[in-house]
Amino acid sequence: AAVARRVGFDAREAGLVAALVRRHLLLAEVATTRDLEDPATVAHVVARVGDAETLGLLATLTEADARATSPKAWSRWRAGLVTELVSRVRRGLAEGSGDDVQPPRVDVPDEVRGDPRRVDVRVRATGDGATVTVVSGDRVGLMADIAGALAVQRVSVRAARAWGQEDLAVSVWEVDDAHLDPAVLRQRFESVAERRVDPGERLRPPPAGSLEPSVQVRHDASQQATVLEVRVDDVPGVVYRVCSALAGLDLWVRSAHLATFGPQAADVFYVQEPGAGALSDERAASAAHAVRHALRPPG
């Protein structure tokens, strides 16, 4: 702020510049590591931004900073996440943050509605990746099976979200491969779900000497779920191993948000008891322990 005053900004403008510098990573970090449909996410940003003017300037600064870093830092996917976050925060500033956001409805094929054991897989290319939508009967472990099928196909997951619709489970996966065959993915999923293929056997374990996995429990990040922040070496199958470990405790992964910084993955999972919301302290500790064990290198 002192430097801004020396170059001619008035007190209000200098304070605004200082706020932008302090918060210049806020939008990018929240957009890629938090559930944008959780009211607590919007409330978190609203509290730190404060007004629409700061939000608009911060959005511009976020894009400029990312573009100056690398093309990957401002991919179409990341730009879309930041745009969505800014839109939600702008509404939150105008109307008050805290209203729940309803998930979108998807068309359910008659064959899946009539037989929940069936699965529908759709793929939509998004330019620098694809959106994979899966509709099937709901059960604990479903997210692990889908993540396992994607891992077996060597498809990297950027983010995932799941919700219930008509007693079925809908999950949407943002992935980095724009050329996926939905029929092949469906076959992979069915082979994993029917236990004809074990992704754990297909994936190489984390190499000896890898980074010791870190799992932090964040009860304050959501009122609807318990948030696990996971840091580990970026190796194939992290999402599958985490989802599988949580399924072993009869827990449901509501959403996952994945980011990579050099050789390290920094992933965030929103976890719930089936039909009961956030975890107790004891259950959260058990979940963190199970995830650490699943990600720990052998030896």
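Numbering (the working numbering), first residue to last: 642 to 940. By construction, the Cβ of each residue, glycine as well, lies at the ideal position given by its N, Cα and C atoms.
6 Å CB neighbourhood of residue i in its chain, flanking five on each side removed
i      : result
THR762 : Note that residue 762 is Val in the sequence shown, not Thr. Result list for VAL762: VAL775, PRO823, LEU826, ARG827, in chain order.
GLN913 : ALA866, TRP893, ARG895
ALA714 : ALA707
ARG675 : THR682
GLN857 : GLU870
Residue of the options minimising C-alpha distance to residue i
i      : options                        : result
LEU791 : ARG758, PRO745, GLY878, SER716 : GLY878
LEU726 : LEU699, ASP748, LYS713         : LEU699
ALA684 : LEU702, SER716, SER728         : SER728
PRO847 : HIS860, ASP839, VAL873         : VAL873
TRP814 : THR682, GLY770, PRO904         : GLY770
ARG845 : VAL793, ARG675, ARG924, LEU920 : VAL793
ASP839 : ASP786, ALA681, ALA900, ALA919 : ASP786
ASP817 : ARG675, THR901, PRO938         : THR901
LEU899 : PRO938, LEU722, PRO680, PRO915 : LEU722
GLY918 : ASP679, ARG675, THR724, VAL662 : ASP679
ALA803 : PRO938, PRO939, GLN743         : GLN743
Sequence-distant residues of its chain with Cβ nearer than 8 Å to residue i (five each side left out)
i      : result
ALA642 : With a pLDDT of 49 at ALA642, under the threshold of 50, the modelled position of this residue cannot be trusted; read the value that follows with caution. ALA655, GLY656, VAL658, ALA659, listed in sequence order.
ASP779 : PRO757, GLY805, ASP808, LEU809, ALA810
ASP692 : LEU734
Inter-residue Cα distance where the pair is residue i and residue j
i      : j      : result
TRP718 : VAL811 : 21 Å
VAL909 : ARG731 : 24 Å
CYS884 : LEU890 : 10 Å
VAL868 : SER832 : 30 Å
ALA788 : ALA849 : 24 Å
GLY768 : ASP751 : 30 Å
THR673 : ARG664 : 15 Å
ALA926 : SER855 : 13 Å
GLY903 : SER797 : 15 Å
ASP922 : ALA688 : 26 Å
ARG836 : ARG859 : 33 Å
ALA862 : LEU677 : 12 Å
GLU870 : ALA907 : 7 Å
VAL686 : SER716 : 22 Å
LEU696 : PHE830 : 42 Å
ARG795 : GLN864 : 34 Å
ALA819 : ALA801 : 16 Å
VAL932 : ASP748 : 34 Å
ARG924 : THR682 : 23 Å
ARG759 : ALA897 : 24 Å
THR999 : GLY737 : There is simply no residue 999 to check, as the chain begins at 642 and stops at 940 in what is shown.
GLY916 : THR703 : 37 Å
PRO938 : ALA720 : 34 Å
Buried versus exposed, by CB contacts within 10 Å (16 or more), residue i
i      : result
LEU666 : exposed
VAL880 : buried
ALA735 : exposed
GLU694 : exposed
SER777 : buried
GLY842 : The displayed chain sequence assigns Glu, not Gly, to residue 842. Per the 10 Å Cβ criterion, exposed.
GLU670 : exposed
VAL690 : buried
PRO745 : exposed
ARG799 : buried
VAL701 : Correcting the residue type first, residue 701 is Thr in the shown sequence and not Val. Its Cβ having fewer than 16 others within 10 Å, THR701 is exposed.
HIS930 : exposed
VAL662 : exposed
ALA705 : exposed
Contact set for residue i: own chain, Cβ-Cβ below 7 Å, skip 5 residues either direction
i      : result
ARG882 : ALA935, LEU936
GLY782 : ALA888
VAL959 : With the chain covering 642 to 940 only, the question about residue 959 has no answer from this structure.
ALA928 : LEU869, LEU887, LEU890, LEU892, VAL912, LEU920
PHE852 : A quick correction: the sequence has Leu, not Phe, at residue 852. Closer than 7 Å at Cβ, skipping near neighbours: VAL873, ASP874, GLN905.
ALA834 : ASP786
Within-8 Å CB hit, residue i to chain B
i      : result
ARG765 : Annotation note: the requested chain B is absent from the structure, which comprises a single protein chain.
**Study point:** Segment contact, 8 Å Cβ cut-off, at least three pairs: the stretch 749 to 758 with the stretch 703 to 715
**Key:** The stretch 749 to 758 is not in contact with the stretch 703 to 715.
Review point. Can you find at least 3 beta carbon pairs, one from the stretch 813 to 823 and one from the stretch 764 to 773, that sit closer than 8 Å?
Key: Verdict: yes, contact present.
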